[in-house]
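Residue numbers (the numbering used here): 2 to 185.
Backbone N, C-alpha and C define an ideal beta-carbon position, used for all residues, glycine too.
From a predicted model like this one, the values you see are computed outputs, not experimental measurements.
I have placed the structure first, in the form of structure tokens, so that the comments after it can refer back to it.
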Amino acid sequence: FMITELDTESRNVGLKMNIHKTKVMCYSLSRKQHFAIGGETLEVVKEYVYLGQVITAEPNHVSEITRRIGMGWITFGKHSQIKNGSLPLTLKRKVHNSSILPVITYEGGTWRLTKRVQLKLRTTQRAMERKMIGVTLRDKKRAEWIREKTGAKDITVEIKKKKWTWAGHVACSQDNHWSLRVAD
2 FMITELDTES RNVGLKMNIH KTKVMCYSLS RKQHFAIGGE TLEVVKEYVY LGQVITAEPN
62 HVSEITRRIG MGWITFGKHS QIKNGSLPLT LKRKVHNSSI LPVITYEGGT WRLTKRVQLK
122 LRTTQRAMER KMIGVTLRDK KRAEWIREKT GAKDITVEIK KKKWTWAGHV ACSQDNHWSL
182 RVAD
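Following this line, the structure appears as structure tokens:
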């Protein structure tokens, strides 16, 4: 297995794998497989967090997006001043655009933006914007009215910009670069 080769090559340069922290994820396991290094079994997982992003065996990013939305709400909660009326709307907008939006859209350039995902992201952003201006769903204010009031950046537009930036990086990379091979 590749994991054994990795362990061997690591040892050749003086590195040792931490067996308790090392996890194995396979995209297709037809039967229950066991992976071991030096007689110790490695844990097989369906997903894990690497560099702040959930990596799963599934080709979609729904679990990562859900996690990011949750982190966005946590960040929103930490900025309690954004919900009360004492802070000017211009400052609320700056906090939203500079602190909350980046938390949700981190690594968004690699996500598949389906209509369902876009709806989920827009719904979350609208809920946050309503809290910013003290409007509830019962007030029946249209999304355009809310956006005009808050002046917040559109989350899906920001993610699409990230996708174009990522595409530019991949297009300009060297022929043998791993990201280009994966994107092909």
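Straight-line spacing of the CA atoms in residue 152 and residue 50 works out to 33 Å. Scanning the segment 73-148 from its first residue to its last, the whole alpha helix (DSSP H) runs of 4-plus residues come out as 90-96, 102-106, 116-134. Closest option to residue 148, judged by alpha-carbon separation, among 107, 129, 121: 129. The beta-carbon separation of residue 127 and residue 157, rounded to 12 Å, does not stay under the 8 Å limit for a contact. Residue 134 and residue 150 do touch by the CB rule: their CB atoms are close to 5 Å apart, below 8 Å. Counting of Cβ neighbours within 10 angstroms places residue 118 among the buried residues, the total reaching 16 or more.
With a beta-carbon spacing of about 11 Å, residue 131 and residue 125 fall beyond the 8 Å limit used to define contacts.
Following the DSSP letters along the chain, one finds residue 42 in no alpha helix (DSSP H) but inside the beta strand (DSSP E) bounded by residues 41-45. Comparing alpha-carbon positions, the option among 94, 168, 140, 46 lying closest to residue 58 turns out to be 46. For residue 73 against residue 104, the beta-carbon gap comes to about 5 Å, under 8 Å, which counts as contact.
Beta-bridge analysis with DSSP links residue 54 to 51. Contact between the segment 86-99 and the segment 62-72 is absent, with fewer than three C-beta pairs closer than 8 Å.
Restricting attention to 121, 139, 111, 120, the CA atom closest to the CA of residue 162 is found in 111.
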